[in-house]
Structure formats: structure tokens, C-alpha cells
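Let me begin by presenting the structure, written as C-alpha cells, before commenting on it.
There are 6 protein chains.
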Amino acid sequence: MTDATSRPISRYPVPALDAMPEDIRARILKVQEKSGFIPNVFLMLAYRPDELRAFMAYHDALMDKEGGLTKAEREMIVVAISAANQCQYCVVAHGAILRVRARNPLIADQVAANYRKADITPRQRAMLDFAMKVARQAEAVDEADSAALRGHGFSNDDVWDIAAIAAFFGMSNRLANFASLRPNDEFYALGRS
Amino acid sequence: MTDATSRPISRYPVPALDAMPEDIRARILKVQEKSGFIPNVFLMLAYRPDELRAFMAYHDALMDKEGGLTKAEREMIVVAISAANQCQYCVVAHGAILRVRARNPLIADQVAANYRKADITPRQRAMLDFAMKVARQAEAVDEADSAALRGHGFSNDDVWDIAAIAAFFGMSNRLANFASLRPNDEFYALGRS
Amino acid sequence: MTDATSRPISRYPVPALDAMPEDIRARILKVQEKSGFIPNVFLMLAYRPDELRAFMAYHDALMDKEGGLTKAEREMIVVAISAANQCQYCVVAHGAILRVRARNPLIADQVAANYRKADITPRQRAMLDFAMKVARQAEAVDEADSAALRGHGFSNDDVWDIAAIAAFFGMSNRLANFASLRPNDEFYALGRS
Amino acid sequence: MTDATSRPISRYPVPALDAMPEDIRARILKVQEKSGFIPNVFLMLAYRPDELRAFMAYHDALMDKEGGLTKAEREMIVVAISAANQCQYCVVAHGAILRVRARNPLIADQVAANYRKADITPRQRAMLDFAMKVARQAEAVDEADSAALRGHGFSNDDVWDIAAIAAFFGMSNRLANFASLRPNDEFYALGRS
Amino acid sequence: MTDATSRPISRYPVPALDAMPEDIRARILKVQEKSGFIPNVFLMLAYRPDELRAFMAYHDALMDKEGGLTKAEREMIVVAISAANQCQYCVVAHGAILRVRARNPLIADQVAANYRKADITPRQRAMLDFAMKVARQAEAVDEADSAALRGHGFSNDDVWDIAAIAAFFGMSNRLANFASLRPNDEFYALGRS
Amino acid sequence: MTDATSRPISRYPVPALDAMPEDIRARILKVQEKSGFIPNVFLMLAYRPDELRAFMAYHDALMDKEGGLTKAEREMIVVAISAANQCQYCVVAHGAILRVRARNPLIADQVAANYRKADITPRQRAMLDFAMKVARQAEAVDEADSAALRGHGFSNDDVWDIAAIAAFFGMSNRLANFASLRPNDEFYALGRS
């Protein structure tokens, strides 16, 4: 194996914190204060401030809202989709967040490896099957999929949330893979005890 | 065939213009003034104002910027990716924009059907091959892909643009397919004469 | 984009009209009289007169016959299959014929981009799903598929027609892609107004 | 296993010999005289006389012509393509013809199972790789493929033959699978000693 | 075609019989006595005596046991899986064994080409569909698959056997393809009369 | 999420330790002594003592031998293959072993998510690319693959080891997925500090 420290955060330059626009630096410092470190996705995208702002606004609109999905369930979708898209950053980073949100040290590795065999409810299984269809075969999604999810107690707004999270993180997965975004070492152990 | 007027814009409710937040209504009216009609994607996403704002901010950051790609080339990427993802709205709407931007009535249908056989330059072919790799196999993208594109005269910033457009419209394709977003009738004939 | 006029009709030589066998020249002149131009597929295949004769005989046996499928529906199958096989010539040429036959300027682009979202009847949707199964997974077709189509009012003879059109144009798609057959410029605008 | 005699030739009715049009009956009787039996594909397609005539004309134009490919090589393409398309009739029937034409009792089973491991020359390997590309990914075929084949001594006309055989039998495979065409028992042992 | 005798048994060295460990030589001689020749898989794997011993122990545990599957049915699974995995050695060798076990000269070629069209019972069709799911999409196998098989009269132990045979020969197929293991000429004609 | 304790080890009965054959119980107790717990794969396979014995003999022949691959590298292959095959048990269990063998708490999650982005050497990357080809497309493996690996310093024996590990764990992945084998809770945290 290679020396981890020789691997950069991204294939693109990472701007220094004090060279960033004020609003971006402020948000990043706030995250750092809360988490104890700066998730590398902020540093990679800071190379493109306008895209970072839009990315974060979209992220917050989908992940920080109220609704029929718990925060853990939203992260569960992210982990399942990111594993299917082979996005190392997203599996490792959102796996950590999922463990924390679900207060369950096993769930992220289970979902990443094979969500069909994870300790989840039939309702969550239906949620992930649908998210995977959006990720893999969105051209065939239709009203019958929504009806099946309503049969599990999801509202039409919940269905939109599942689809939008799958679509948004499909973008995120592609960006992170493109730039070879490296997960912070801190994520790996988070939420495991 | 069915009566087109029986097909709704989206599987989700479309808010009335005067029920929309002021900033969104303003943007939509501006587009309507310029184009003569309101592209349905605005009406679909207006159901979720925060997501619409983030979507448009991201769109503008990628499509309205300066750089080594012409506006026609950016739209060419959108059409190729959207055809691969079988997104009817995006192929029809961005096909129209591509015809207009490229002042070429044939190019959009060529790229949508098989971009490898389209009237494009070798540089544009390399651009679309790479965009397709981001859309289909992002997990395998690496520095060798960037090097190949630099060999065609693209800068690293251009490479980011290609990848980001492919990733963003991959999200857009999934959202439009999920909601069964209907292309406006006006798009079909635009830029054909 | 490249200058369209620099792109040849086919990667193979195109014989001059007066060097063609009499029966082939006669058929081509008749098509030209009716359409106002010679569809390039005739010129490409004229390089192989025996194959052109067999191709046209097969084409006419499937597309000019009576039966439970309208001429527009037959063309709808061609467009859906050709889009799946990424055949630029067939999508553009038969898209034009579909618009004309269906007297509908939108239908061809809809079917080519994603037939599942097109303005078609449930019966036509079943027809296209089956045609796609013949194109993609013929090894799994069986009597249950025929039974499902009979449930939509198709006769066993109609089912044969759907399958044979999908199979024949699968061949046509491969030939056109192999030879880089170029669609005539005239097709793009046909039937759009 | 089921009793073989309970399996019909095709899912469609098979016309009696004396109910067939004269030209078709004559051709079939001639084949029967030569082979000792009537290959079932004639009986299946006799349900549609015009299609049978076009099918046979196309078949003969590709398989009975002179050129840089031997008759055994043409059958080798058919067997490789038909195995990839999982066409039981074509693998069994053309496997028999390949054994006879090549005077080699092993070659057909080798090519059907995995042509890359068969006792063939590098030139034949290139021929089959190209035929497979036409069958599986024709949208990406271009002049570079022809150049590679010319490097193995094939002329441009030979390249057309390979592509056309792959395309024609792709159609044939789909038709046979659609109709559940049953191989004659006689084919299995032919050419094995 | 190339001269068959120029093709080695395997891409790896084949040890001489008298250089093999005593237990392996004994087993091989016993097989030779019974079959009249030494199946090449023994000679290939003899390069790795420990692996050969484990391979044969596993093979015998699955193929020589009592249970709800006949020996012919076990071989039918092997042929279907090996055809899907394009393993020339396994299709040819186990095709021969299947013909012998089933006393049916046609069944192996039918199953190899397309098991869905073979002369098998609905119960055997369900068995092969499940084996194929284990080979192709094991991540999605679950209790519902077992229930469906029980509906065809299989016990849970039979279901394990089907799955284990599909998994074990999936390994065998990969090993034989990796080493370019050549089928013995003797297998091709076995059980055909 | 569901209560983990409600999920059984396997969809098949697990025999009690004292009901197992003596040799199997002895081996299991030895593993338990060394690891502190009994990996569930032993308990699942103990349902079939002969298969367990062959499985373990094969495992040891491949994983406990000397050669050009380190023990960590052998586990790296297992993790990469198991992730591609979506085998939850194997990713979690062998991920733990890989962390321990490599004394690296990050490497297993990196390899499981996307080995192309992991902290590995170019030689290890070539090793995993080849293992993946054996897992996914063994029919196309040939001498050129071996030559490429020799260019990275692997011997032909090392190449066999890589292929055999990929093939053996492909079997193991299918068995574990078939039986819904549950990873022991102990594996998740092992080797992380």
C-alpha cells in the first residue's frame, strides 16, 4: 500500500481558507467547529465557489428538511446509491453520518455492501429499491412506483425526497469520482462505538 | 396515439404563477419574456422552491460561464448525456437550445441518436466520449482522461466543466424522468429553419 | 462542428444511378419522384444489388402489408428500436416517416427519446415494450408475451409483425451503423408543421 | 426432461407442403432432396411466404457468394453470433453446417461455447471479434475497425460480408427465438464423425 | 482453423503422471480406467495438488450425493451455468456427461444454447432459472426464491444443492477460462448415439 | 432499522457445536480460541460437513500459502471481489482481516468502495484489475493478461493465485448471498484502531 499522506484531497487545486470568499469560509469554519475537521468535499468544491454554493443549497434543501423520512433514512439512501456508483468519498463520509444519525455502528457497512441483506424494515427496503431504480433506470420510473411506496406509508412528498436524494447524490458521486476526492481519515472510525 | 393535451406537465402539482415566491415568479416571467413560453422544468420544480433555486444556481454556474467550451458545446454535452439517460424533456428542450446556439438545424438530432456519427470535430468527439464516461462509468475516471483531453486543447478547467455538466444533467435527467416531466410543444420546432 | 458537406453518405462507394442494374434504378427513381429525393439507404445498399433487392423485398413484406397495426404504429416500432440501437440514419429517416404517417409533429422525438413517456395508448406501450424485448432479450420471449399482447387486442399475426419489424430493423440498424450511413438533410424537417 | 415429440416446430402454424406456393414448395423439396430432411426454419417461415422469399434471397446473397471468406468462415460467424444471441435453432443447425463445411467435428462446439478459446487463426479471431462488435455494439463501429481487419488481410468487401452476416443472423436469431423454432433432430449429429 | 494438436491442455505446465503425489495419481488412474481417458481438468489442476484435492472433494460432495435432484439434473445445471459463463471446457465435458446421464443425445446442446427452449419440465426450468440467478445476481437471492422452488416440489436441501452447484461451477468456469483449459477431443462425441 | 438480534445467522439451520463431526468442531473451537468468536461462515457451512471440509481445504490452499503475494494482498483481492459481488458477509469479515493483516484501518473501506481510488501501489492496482476481470469477464482472460502482470513483477504462480482467489471467493460470495449469511458483529470494529 502507498503512504496515505502522499495522496492529495482532489486532482484539482485546493484553495487556502483565507483565499476563499467570505461566505464560503464562514460556512466551512462552522462545519469545522461542529465536526472537528473540514470534510474534503468543501475543499474540493471551493475551487469553484458558485458551484459550491449551489451544491450546498441543494444539499440542505434535501437533507435538512422535515418530512416522512428520518435523517438516518436520508443518509441510508445516500450510502446505498454511493455504493452502487462506487463513490469512495460518499460511502465513507455518509457512512459515518449514517452511523451517527442511526446510532447504529453496523448499518452503514451493511447497506454499502448489500442493502438487501441489511437490518432494515420492509418500508426501508422499498425506499432503497426505489432509490436504486432512480439511480439505475430512471427512464422506467412511473406512477406505479409511487403507488408501491404509498403502500408502505410514504407520501408523494416523501417519494419526491427519495428520488431527489438519489438524483442529487448521483451527481455528487460522479463529481467525487471525477476529481478523485479523498475521504478524510476522520470519517472511517466515526460512530463506530 | 393519445391526445397530447391530456398529458400533464408533471406527475406532481404545478403551482400557479401568482402563488410562487416573488424571486421565482420574477425569474420565470423573465424567461417567458425572452423565450415566449415557460419551459416546463420551471413549473415542475416550482413545487419545491428551494430546490428550484439551487437547481437554477447550479445550472447557471455551469452553463452561463466563460471558458474553453462554447455555449453550443455545453448544450451538445447535455443532449448526448440526456439521450443516453433517455430523458425526453432534456433531449427535446436542450436539443432546441443546441440548434439555436449552434445555428445548425441538424446537429441536435444527430447527437441524440448517435453522437459518434454526428457532424462534430475530433475535439468535440473526445469531449462527448469523456462526458459519457462520467455519466456511465465515473468510478473509472482518472488523470489519464484529463491528459487525453488536454491533448485536444482542453484546459483542466474545461475538463471540470465537461464533467460537471455531465454530472449535473445526469441529476436533471433522473428528476425529469421521475416526475414524467413533459417537454413544451414549442421546443420541437425551435431552431429547425 | 464540421462542415456537413464533407461527410459522405456511407463509408463504402456509392454507385452512379446509371451504373445500377435497371430494376434498382427504376425503383430508386420511383422513390425519388414520390419523395423529392433519394433516401441514402438506397444508395448505400446499391453497392450490393442482391442485398438491396432482398432488403427491400423484406421491408415491403413487413411495412406495406395490411393487418392490425397501422402504418404509423409500424414506424413507431422502427423509431423505438432504432433509438435503442443508436442508429442515427433510422431514427432520423423513420422519425420523419412516423411524423407524416401519424400526422403528428411531436411523436417521433418523443418515442426516440423515451417511448415510455410518449403520447401513446396503453396498447401501443405494450407493443413497444414487446418490440424492445425482441431487440434486447429475444432469448426470453415466449408464449406469455403473446398472451399479454392478445390481452391488448393484438392477434397472433400482429404479434409476428411486431417481432419481425423489431428483428428486421435490428439488422438495418446494425448495417447503417457499420457503414456510417448518413441521413439525408431533407428528413430532419419533414412532417414537423 | 419432456418428450421431444411433444414440442412443436414453432409457436405458429406450419403449412402443409402442398398448401405452399409453388416456388416455395419447389425450393423446400430441393433442400429436402439434398439434405435428407427439411430444416425447420423453412417450415416456420412458410407461414409468411413473402418473408420467406426475402429471407432466403438475403441468406443466399450473403452465404453463397464468392469472396475472401470461405464458406466455413461464414458459418463460423453465424455460430458465434447465434451463441451470443442464445438462438438454439441457429447454433444447432449452423453448427452442423460449420462442421460439414470445415470438415472438423470439434469446431462448432468450440466456437459456440467460447470462440476466443477455439482452434482458429488470429485472422479468424479478428473476424469474430468484429462480428461480435456488430452484434453487440454496432453504434461504435467505425473506420478503425475496418483498418484493423485489413491488417489481417481482409478486403473492404470482406469486411462488409462479415458485418452483413452478423446483422442478418442477428435478425434470424431474434425471429427463431420469438417463434421458439425447434432445431431438427437430424442436425445434432451431422458432421461429427 | 489451426491444427488442434498445436493447442496445449492449459496455459500452465502439466505434470507427468509419475511425478504426481500418490493419492492424485491413483484417483486419476481410476478415472482413466473408467472413462478411457483422463479429463484435462485433472491434468491442469494437478499443477496445484492441494487445490486439486479440495476441488475434487467439493465436486464429489455436490455431484455424487443423494437427494431430490437426479444426476442428470445436476449436470443440466452445470451445462446451463457454464454456457452463461462461456466456459468451453465445462460446456463440452459436462455436456457429454449430461447426455450420458440423461440418455438423451440432444439435451446438452439445447441447454447450452438456450435452456429456456430446451425439452425440460417446468420444474427443471424453475431449477435452471434459479441457478442462473445465483450465477448472475446472487446479491438479490432471498427466501422468495426458495419458496418458488418449494412450489415445484424441491426441498430446502435441494435448493441448497442447486445454489451450491451453480456457485461451485461458477468457480470452475473462471478457473478453466483463466488457464485456457482445453476439452479432451473424446468428450465431443460422447453420448450422441 | 430492525432489531439486529432478530436476524438469524443464515436462512438454513445452524447445527449445535456438540452435534458437529469431531474434526469440524475441533477446527471451529481452534478458530474461536484464536479470534474470540466463531465466524458465522463456519456455522452456516457446518450444515453440510463435507462441503465445509472442502471449502476450508480450498481456502487454506489459497490463503495460507507462501508466494509473491502478501497475506494482506490476498485479502485485498477478496475484499475487492466481494464488493463487486455485493457479498455483505465477505466484505465485512474479510475487510476486518485485511485491516489486521495490512495494519491499516482505512484500506478495507477504500478497496470495498472503489479500489481504483484506494491507497495502493500500481502493482496492487494491476493485481485487482486482473482479479476483477476474472470475476466479471473470465471468458476473455488470456496470456496477454499474464504478460501484463509479469510486467509488474508477478510470477506465473502469483497470477494463478490471483485468479484462483478471485474464482474461489466468487463462489463464496454466491453461497453467502444465497444463504443470507450474516456477518458477526465483532468483525465491524476489528482492526480499526
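Sequences listed follow chains X, Z, W, P, F and B, in order. For the first sequence, the numbering used here assigns the number 1 to the initial residue and increments by one for each residue that follows. For the second sequence, the numbering used here assigns the number 1001 to the initial residue and increments by one for each residue that follows. For the third sequence, the numbering used here assigns the number 2001 to the initial residue and increments by one for each residue that follows. For the fourth sequence, the numbering used here assigns the number 3001 to the initial residue and increments by one for each residue that follows. For the fifth sequence, the numbering used here assigns the number 4001 to the initial residue and increments by one for each residue that follows. For the sixth sequence, the numbering used here assigns the number 5001 to the initial residue and increments by one for each residue that follows. All C-beta atoms, glycine included, are put in the ideal place defined by N, C-alpha and C.
Judging by CA-CA distance, which residue of the options is the nearest neighbour of residue i?
| i | options | result |
| --- | --- | --- |
| Arg11 (chain X) | X:Tyr47, X:Lys34, X:Gln32 and X:Ala26 | X:Tyr47 |
| Ala1093 (chain Z) | Z:Ile1038, Z:Ile1162, Z:Asp1119 and Z:Val1134 | Z:Ile1038 |
| Val2088 (chain W) | W:Phe2178, W:Gly2036, W:Lys2065 and W:Lys2034 | As written in the sequence, residue 2088 (chain W) is Gln, which differs from the Val given in the question. Nearest option by C-alpha distance: W:Phe2178. |
| Gly2191 (chain W) | W:Pro2015, W:Ile2097 and W:Glu2033 | W:Ile2097 |
| Arg1182 (chain Z) | W:Leu2106, W:Leu2045 and W:Ala2016 | W:Leu2106 |
| Phe4154 (chain F) | F:Arg4123, F:Met4171, F:Glu4022 and F:Ala4144 | F:Arg4123 |
| Asp1158 (chain Z) | Z:Ser1193, Z:Phe1187, Z:Lys1065 and Z:Asp1023 | Z:Lys1065 |
| Val134 (chain X) | Z:Pro1021, Z:Ala1176, Z:Leu1029 and Z:Glu1022 | Z:Ala1176 |
| Ala2144 (chain W) | P:Glu3143, P:Ser3180, P:Ala3144 and P:Thr3121 | P:Ser3180 |
| Ile4120 (chain F) | F:Met4076, F:Leu4029 and F:Ala4163 | F:Met4076 |
| Leu5045 (chain B) | B:Ala5108, B:Lys5034 and B:Pro5021 | B:Pro5021 |
Just to check my reading of the structure: residue i and residue j have Cβ atoms closer than 8 Å, yes? What is that Cβ distance to the nearest angstrom?
| i | j | result |
| --- | --- | --- |
| Tyr5058 (chain B) | Ala4054 (chain F) | 4 Å |
| Ile1165 (chain Z) | Val1078 (chain Z) | 7 Å |
| Glu2139 (chain W) | Arg4136 (chain F) | Contact flag wrong, Cβ pair sits at about 13 Å. |
| Gly3170 (chain P) | Gly2036 (chain W) | Going by Cβ atoms, the distance from Gly3170 (chain P) to Gly2036 (chain W) rounds to 33 Å, so no, they are not a contact pair. |
| Met1056 (chain Z) | Arg1027 (chain Z) | 7 Å |
| Asn2184 (chain W) | Asn2040 (chain W) | 5 Å |
| His3152 (chain P) | Ala3126 (chain P) | 5 Å |
If you drop the 5 nearest sequence neighbours on each side, which residues of the same chain put their C-beta closer than 6 Å to that of residue i?
| i | result |
| --- | --- |
| Asp5161 (chain B) | Gly5067 and Leu5069 |
| Asn5085 (chain B) | Asn5173 |
| Ala3072 (chain P) | Arg3101 and Ala3102 |
| Leu1043 (chain Z) | Ile1009 and Val1014 |
| Ala4108 (chain F) | Val4079, Gly4095, Leu4098 and Arg4099 |
| Glu1186 (chain Z) | Phe1037 |
| Asp5023 (chain B) | none |
Closer than 8 Å by C-beta to residue i: which residues in its own chain qualify, once you throw out the five before and the five after it? Chain order, please.
| i | result |
| --- | --- |
| Phe3168 (chain P) | Tyr3058, His3059 and Leu3062 |
| Tyr188 (chain X) | Val92 and Ala96 |
| Arg4025 (chain F) | Leu4017 and Asp4018 |
| Ser2193 (chain W) | Pro2105 |
| Arg3007 (chain P) | Arg3182 |
| Leu1029 (chain Z) | Leu1017 |
| Glu3033 (chain P) | none |
If I measure Cβ to Cβ from residue i and keep anything under 7 Å in the same chain, skipping five residues before and after, which residues do I get?
| i | result |
| --- | --- |
| Val2141 (chain W) | Lys2133 and Val2134 |
| Cys90 (chain X) | Val78, Ser82, Phe169, Ser172, Asn173 and Ala176 |
| Ala3163 (chain P) | Val3134 |
Open item on the list: Assess contact between the segment 3047 to 3060 of chain P and the segment 2099 to 2112 of chain W, defined as three or more Cβ pairs (one per stretch) separated by less than 8 Å. Is contact present?
Closed with: no
Open item on the list: For the segment 2148 to 2156 of chain W against the segment 2125 to 2132 of chain W, do three or more pairs of beta-carbon atoms, one drawn from each stretch, fall closer than 8 Å, so that the two count as touching?
Closed with: yes
- [ ] Examine the Cβ distances between the segment 4070 to 4089 of chain F and the segment 4104 to 4124 of chain F and report whether three or more of them are shorter than 8 Å.
- [x] yes
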